[in-house]
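Below is one structure, written out as C-alpha cells, with a few remarks after it.
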Amino acid sequence: MRGAWKRRALKHPRRSCSESLDEIGFDNQSVLEIGCGTGFFHQTMVQSGASKATGIDISKKMIDYAQSLASKKGLAEKTAYSTGDFVETQDQYGDHDVMLLDKVICCYPDSETLIKLSTEKCRKSYALTYPRDSWIPRLSFGVIRFFLALARSGFKPKIYPVSWVREQIEQAGFKRKSSWNDYFWISEVYQRELESG
Ligand SMILES: C[S@@+](CC[C@H](N)C(=O)[O-])C[C@H]1O[C@@H](n2cnc3c(N)ncnc32)[C@H](O)[C@@H]1O
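So this is what it looks like as C-alpha cells:
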C-alpha cells in the first residue's frame, strides 16, 4: 500500500528505483541522499516507510529549500540536512541502509572517489541514476558543456561509460538487482552481497 502510494508520486527514472527498493524493502531503514536537490525522493521514501533520511547537497539554496519542504510535510523530525561536498565531508556521516545518488555522478568531477566513499557507507541498497553513454546524452552534454565554457563556468558535467560505473559499484561488493533506462537516463539499484563464511 505504501509502495503503491509512492509509485504514484514518483516519475521515471526515480519510479524504477523506488519499485526496485520496494522489492528489496526499506521499512524502518535509514536513507542517505547525496546531491539531494529539493529532497523530494528521500522525503517520499520517509513517507513510504523509511525510518529517517539525511539529505546532502553542495548547494545551500537546495538544502534550505529541501528543509522547508520537509517541515511543510511534517517530516522535520525524521529528516536531517547538511550543506557540503560529500567527498570532503564524508567523515561526518555514519553508515546508512539505503544510499541514493539521483543524477549526481554526472555533476561531480571525481566520480570514482564519490562512488567509492558512498558505497563504503552503504549497508544494503545503493540506487543511482546517471546519463547513458549513448549519442543523445553525449550530444546534449556536449552542447551544455559548450555553453558553460562560453559563460566561463568551471562546471563540466560528464558522462561515464555504463560498464565503468557498474564495475565501480560491483567491485565495492554490490550486486545489480535492477536496471531501467530511457533514451537519456539509466537507473540502477544494487544490493550489498552478503559475505560468506
Ligand atoms: C542534477 S542535480 C540533481 C538533484 C536531485 N538529485 C534531483 O534529481 O533532482 C545534482 C545535484 O548534486 C549536487 N552534488 C553534486 N556533487 C555533489 C557532492 N559531491 N556532494 C553533495 N552534493 C553534490 C549538486 O549540487 C546538485 O544539486
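In the numbering used here, the protein residues as written are 2 to 198.
We put the CB at the ideal spot given by N, CA and C, even for glycine.
Treat the numbers as computed from the prediction; the structure is a model and nothing was measured.
query	result
Check whether the Cβ of Gly36 sits closer than 6 Å to any heavy atom of ligand 1, and report yes or no.	yes
Within 8 Å, do at least three Cβ pairs link the stretch 92-100 to the stretch 126-133?	yes
What's the C-alpha gap between Ile25 and Ser164?	23 Å
Hey, would you say Pro158 sits closer than 7 Å to Cys107, going by beta carbons?	yes
Report yes if the C-beta of Met63 is less than 6 Å from at least one heavy atom of ligand 1; otherwise report no.	yes
Roughly how many angstroms separate the alpha carbons of Asp58 and Glu196, rounded to a whole number?	32 Å
Report back the beta-carbon spacing between Val88 and Thr55 to the nearest angstrom; my notes put them in contact at under 8 Å.	Their Cβ separation, rounded to whole angstroms, is 16 Å, which puts Val88 and Thr55 out of contact at 8 Å.
Just to confirm the assignment, what range does the alpha helix (DSSP H) spanning Pro138 have?	Trp136 to Leu151
By Cβ distance below 6 Å, which residues in the same chain neighbour Glu20 in space, the five residues on each side in sequence not counted?	none
Among Leu118, Arg193 and Val190, which has the Cα closest to the Cα of Gly95?	Leu118
Using 8 Å as the cut-off, can you tell me whether the stretch 139-156 makes contact with the stretch 26-46, which would need three or more C-beta pairs spanning the two stretches below that distance?	no
Around the C-beta of Ile170, are 16 or more other C-beta atoms found within 10 angstroms, so that it is buried, or is it exposed?	buried
For ligand 1, any of its heavy atoms closer than 6 Å to the Cβ of Asp183?	no
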